[in-house]
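Scroll down for the structure; my scribbles are underneath it.
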Amino acid sequence: MDHSRVPVLEAFEEFRRRGDVVFGPPGHKQGRGVDPRVADIVGLDVFRSDVLSLNGLDDRRQSQGVLGQAQELMADAVGAEQAFFSTCGSSLSVKTAMLAVAGPGEKLLLSRNAHKSVIAAVVVNGVEPIWVHPKFDAERHLAHPPEPEDVRRRLEEHPDAKGMLLITPTDWGTCADVAGVARVCHEFDVPLIVDEAWGAHLPFHPGLPAWGMDAEADLVVTSVHKMGGAVEQSSVFHLQYDRVSPEALKQREDLLGTTSASSLVYATLDGWRRQMVEHGHDLLEAALHRAERIRSAVGDLPGLRPMGGEVVEEGFAAAFDPLKMVIDVRELGISGMQAAEWLRANRHVDVGGSDTCRISASITHADDDETEKVLLDALRALVEGADSIEKQPPVRLPGPSALELEQAMLPREAFFAPVEHVPAERAAGRIAAEMISPYPPGVPVVAPGEVITDEVLDYLRSGVEHGVLIPDAADPSVRTLRVVARD
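Just so we're aligned: 290 in our numbering is position 279 of the sequence shown, and the numbers increase by one with no gaps anywhere.
Encoded structure:
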């Protein structure tokens, strides 16, 4: 296929050349009605490019419309049979993928280290989750993706399960043996869905972990805005084989997706695909060398421990994305959250993630010598200034078994059940009716339907005292919890 073509961008160019006057949404009418004070900050070009695909650019009902052409090019670029763009982010795309495989009341295997968006999908979709617990790294206090044999055991225990949802890479760059998990799933004739939100760049360089389509996954969801070059909310479904119906996927996406899709998102997805096909290898090669230099320099700084290939050598992960700069800061006597806040306040550097133990910074094709220097200078300053950071009460981290809570009710049933709010002191033994997800990183410690324990309560309360945010809890202070009411 001709990957110099960019159908959506070409349609934008033609739309502007024609000078169409639109009497439909958006009401700002290509920026003419935008408050100048907004335009001064955001820029008028954003609004000029904010066009509904049905108002001038394309008609999705036409099989050869520009969107269809762009999706065919994307599929060809990454080795998928089909690709579908989404403007609602991978949080919605994962919900759609799950609904395409398992309906209400049906079983679906899920990695328990899933982001809250996956647990939200379980509540919305009404599936029965069969949790596959991750491999826990006690020294790093880090959950890595489950292994193929973990998936096999759960499929043997639940032969009526409709499929598996695997999250890889994790927020911290560790990756599953996708090919091994796919083989197991296919032995049981069920599809493998991969939530590869952090892996949109993987198809474009052999030095990166295996790409889900190459590893025989049936359906892969990527967030191109995370490690790629598209704007926020840019997501793509990639599909192959016949275990997931394209028709079912489209219908579920139509059920959940917006009817006001942003052509700006489509255009940046289209342009990013062309960039990666034409220049991706060289751009990512440079990024990999940059990440190697940064990791080496960070390793020489006292109190900082960058994570790298050793996590694979130690048997915790099948692969590691070297473009994720994951740095343990505990030897500085501070938490990752404190380090992230200090860097933001004192050096105007925003890292991509943090938790009780570490921070992470994503290195992409967009980084250059200047951003490399800014990051390293900021980390050197953090090391020098760590002693001045006010010490906070430590977070009392539970062991891995303490995080494997009993599932007493289906998440959907618990979430929509009659509820009551009880003091934390009386919450142990009760069934949660809410998600409780410490931020960062946003992985629920408690999901609806799980039985709350004293150990988890202690962890959550100590986290709040340390400054951890729990925004999805009914009471973010966790002084009270939302639980299923007793008869």
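Built from N, CA and C at the ideal position, the CB exists for glycine as well.
**Message:** Assuming the contact rule is C-beta atoms closer than 8 Å, Val276 and Ser234 should be a hit. Round their C-beta distance to whole Å, please.
**Reply:** Locating residue 276 in the sequence shown gives position 265, counting from the first residue. Locating residue 234 in the sequence shown gives position 223, counting from the first residue. Contact between Val276 and Ser234 is absent: CB atoms are separated by about 12 Å, not below the 8 Å threshold.
**Request:** Check the DSSP bridge columns for Ile178 and list the partner residues they point to.
**Result:** The count along the sequence shown starts at 1 and reaches residue 178 at position 167. Note: Ile178 sits in a beta bridge opposite Asp206.
**Assumed close pair Arg490, Ala439 - CB separation to whole angstroms, cut-off 8 Å** = Along the sequence shown, one-based indexing puts residue 490 at 479. Along the sequence shown, one-based indexing puts residue 439 at 428. Contact flag wrong, Cβ pair sits at about 14 Å.
**Prompt:** Quick one: any contact between the region 321 to 328 and the region 290 to 303, if contact means 3 or more CB pairs under 8 Å?
**Reply:** They do not touch, by the three-pair rule.
**Prompt:** Okay, do the region 163 to 176 and the region 115 to 126 touch, 3+ Cβ pairs below 8 Å being the bar?
**Reply:** Yes, the region 163 to 176 touches the region 115 to 126.
**Request:** State the start and end residues of the unbroken beta strand (DSSP E) segment that holds Phe215.
**Result:** For this step, residue 215 is matched to residue 204 along the sequence shown. That residue, Phe215, is in no beta strand (DSSP E); it is neither H nor E in DSSP.
**Message:** Taking the straight line between their C-alpha atoms, what separation do you get for Pro214 and Glu227?
**Reply:** As a first step, residue 214 must be located in the sequence shown, where it is residue number 203. As a first step, residue 227 must be located in the sequence shown, where it is residue number 216. Going by the C-alpha atoms only, they are around 13 Å apart.
**Request:** Can you say whether Leu266 is buried or exposed, counting buried as having 16 or more other CB atoms within 10 angstroms of its CB?
**Result:** Counting from 1 along the sequence shown, the entry for residue 266 is found at position 255. With fewer than 16 Cβ atoms within 10 Å of its Cβ, Leu266 is classed as exposed.
**Prompt:** Any chance the region 81 to 91 sits against the region 50 to 58, with 3 or more Cβ pairs inside 8 Å?
**Reply:** Touching, no, given that fewer than three Cβ pairs across the two stretches are closer than 8 Å.
**Message:** What would DSSP say about Gly30, mapped onto helix, strand or coil?
**Reply:** Position 19 of the sequence shown holds residue 30. Here Gly30 sits in coil by DSSP.
**Asked** Going by beta carbon distance, what residues of the same chain come within less than 7 Å of His292, once the five residues before and after it are set aside?
**Response** Locating residue 292 in the sequence shown gives position 281, counting from the first residue. Hits under 7 Å: Phe215 and His216.
**Prompt:** Along the chain, which unbroken stretches of the beta strand (DSSP E) at least 3 residues long are found entirely within the region 304 to 352?
**Reply:** You should have 335 to 339.
**Request:** Locate the alpha helix (DSSP H) running through Lys237, then write down its first and last residues.
**Result:** Here the question's residue 237 lines up with position 226 in the sequence shown. Segment Val235 to Met238, the alpha helix (DSSP H) holding Lys237.
**Message:** Quick check on the DSSP output: the beta strand (DSSP E) that includes Lys118 runs from which residue to which?
**Reply:** Start at 1 with the first residue of the sequence shown, and residue 118 comes out as number 107. Unbroken beta strand (DSSP E) run through Lys118: Lys118 to Ser122.
**Prompt:** Mapping DSSP to helix, strand and coil, what is Arg72?
**Reply:** Within the sequence shown, residue 72 is the residue found at index 61, counting from 1. Bear in mind that a pLDDT of 45 at Arg72, under 50, signals an unreliable position, so the number given afterwards is only what the model happens to contain. The answer is coil: DSSP assigns Arg72 none of H, G, I, E or B.
**Asked** Would you call Arg28 buried or exposed, if buried means 16 or more other Cβ atoms sit within 10 Å of its Cβ?
**Response** Position 17 of the sequence shown, counted from the start, is the residue given in the question as residue 28. The residue in question, Arg28, is exposed, as its Cβ has fewer than 16 Cβ neighbours within 10 Å.
**Item:** Outcome for Ser15 when other beta-carbon atoms lying within 10 angstroms are tallied against a minimum of 16
**Value:** Here the question's residue 15 lines up with position 4 in the sequence shown. It is exposed - the Cβ of Ser15 has fewer than 16 other Cβ atoms within 10 Å.
**Asked** At which residue ranges does the region 117 to 176 contain complete alpha helix (DSSP H) runs of 4 or more residues, listed in the order of the chain?
**Response** For the region 117 to 176, the continuous alpha helix (DSSP H) assignments of 4+ residues that do not extend past its boundaries occur at 127 to 136 and 159 to 168, in sequence order.
**Prompt:** Can the beta-carbon of Ser473 be found closer than 7 Å to that of Val406?
**Reply:** Counted from its first residue, the sequence shown places residue 473 at position 462. Counted from its first residue, the sequence shown places residue 406 at position 395. Yes, these two residues count as a Cβ contact at 7 Å.
**Request:** Pull up the DSSP beta-bridge partners for Phe499, would you.
**Result:** Only positions 12 to 498 of the chain appear in the structure, and residue 499 is not among them; the question remains open.
**Item:** Three-state class that DSSP yields for Thr270 in the structure shown
**Value:** Your numbering for residue 270 matches position 259 in the sequence shown. Three-state DSSP puts Thr270 in coil, outside helix and strand.
**Request:** Keeping to the same chain, check which residues put their C-beta closer than 7 Å to that of Arg72; ignore five residues upstream and five downstream.
**Result:** Translated into positions along the sequence shown, residue 72 becomes position 61. Unreliable placement is indicated for Arg72, whose pLDDT of 45 sits below 50; no coordinate value is reported for it.
**Item:** Reduced DSSP category for His292 - H, G, I as helix; E, B as strand; rest coil
**Value:** Looking up residue 292 in the sequence shown gives position 281. In this structure, His292 counts as helix in the three-state DSSP scheme.
**Item:** DSSP state of Ser412 mapped onto helix, strand, coil
**Value:** On the sequence shown, residue 412 is found 401 positions in, with the first residue counted as 1. Residue state, collapsed to three classes: helix.
**Prompt:** For the alpha helix (DSSP H) that contains Ile52, what are its first and last residues?
**Reply:** Indexing the sequence shown from 1 puts residue 52 at position 41. Note, Ile52: alpha helix (DSSP H), Pro47 to Val53.
**Asked** Just reading off the alpha helix (DSSP H) that Pro434 is part of, what are its end residues?
**Response** Taking the first residue of the sequence shown as position 1, residue 434 is located at position 423. Element bounds for Pro434: not the alpha helix (DSSP H) but the beta strand (DSSP E), Val430 to Pro434.
**Item:** Three CB pairs or more closer than 8 Å across the region 128 to 148 and the region 159 to 166
**Value:** The region 128 to 148 makes contact with the region 159 to 166, as at least three CB pairs between them are under 8 Å.
**Prompt:** For Leu378, does the count of other Cβ atoms within 10 angstroms reach 16, so buried, or fall short, so exposed?
**Reply:** Your numbering for residue 378 matches position 367 in the sequence shown. Looking at the sequence shown, residue 378 is not Leu but Asp. Counting of Cβ neighbours within 10 angstroms places Asp378 among the buried residues, the total reaching 16 or more.
**Message:** Going by DSSP, what residue range makes up the alpha helix (DSSP H) through Val475?
**Reply:** As a working note, residue 475 is residue 464 in the sequence shown. Where Val475 is concerned, the enclosing alpha helix (DSSP H) starts and stops at Asp465 to His477.
**Asked** Under the rule that 16 or more other beta-carbon atoms within 10 Å means buried, what is Phe58, buried or exposed?
**Response** Reading the sequence shown from its first residue, position 47 is the one you call residue 58. Sixteen is the threshold: when 16 or more other Cβ atoms of the shown chains lie within 10 Å of the Cβ of Phe58, as they do, the residue is buried.
**Asked** Pick from Asp469, Arg423 and Ile442: whose alpha carbon is nearest that of Ile130?
**Response** By 1-based counting over the sequence shown, the position of residue 130 is 119. That would be Arg423, whose Cα lies nearest to the Cα of Ile130.
**Asked** Per DSSP, what kind of secondary structure is Leu393 in: helix, strand or coil?
**Response** Counting from 1 along the sequence shown, the entry for residue 393 is found at position 382. The DSSP-derived three-state label of Leu393 is helix.
**Request:** Let me know the secondary structure DSSP gives Cys368 once reduced to three states.
**Result:** Here residue 368 corresponds to residue number 357 of the sequence shown, with the count starting at 1. DSSP places Cys368 in coil when its eight states are reduced to three.
**Request:** With a cut-off of 8 Å on the beta carbons, I'd call Asp206 and Val232 a contact; round off their distance for me.
**Result:** Here residue 206 refers to the residue found at position 195 when the sequence shown is read from its first residue. Here residue 232 refers to the residue found at position 221 when the sequence shown is read from its first residue. The pair is a contact, with the Cβ atoms about 6 Å apart (cut-off 8 Å).
**Prompt:** Should Arg369 and Gly396 be called a contact, given that it needs their Cβ atoms to be closer than 7 Å?
**Reply:** Reading the sequence shown from its first residue, position 358 is the one you call residue 369. Reading the sequence shown from its first residue, position 385 is the one you call residue 396. In this structure, Gly396 does not lie closer than 7 Å to Arg369 by Cβ.
**Request:** Have a look at Val17 and Val242 and give me their C-alpha separation to the nearest angstrom.
**Result:** On the sequence shown, position 6 is the one that residue 17 refers to. On the sequence shown, position 231 is the one that residue 242 refers to. Approximately 16 Å, taken between the alpha carbons.
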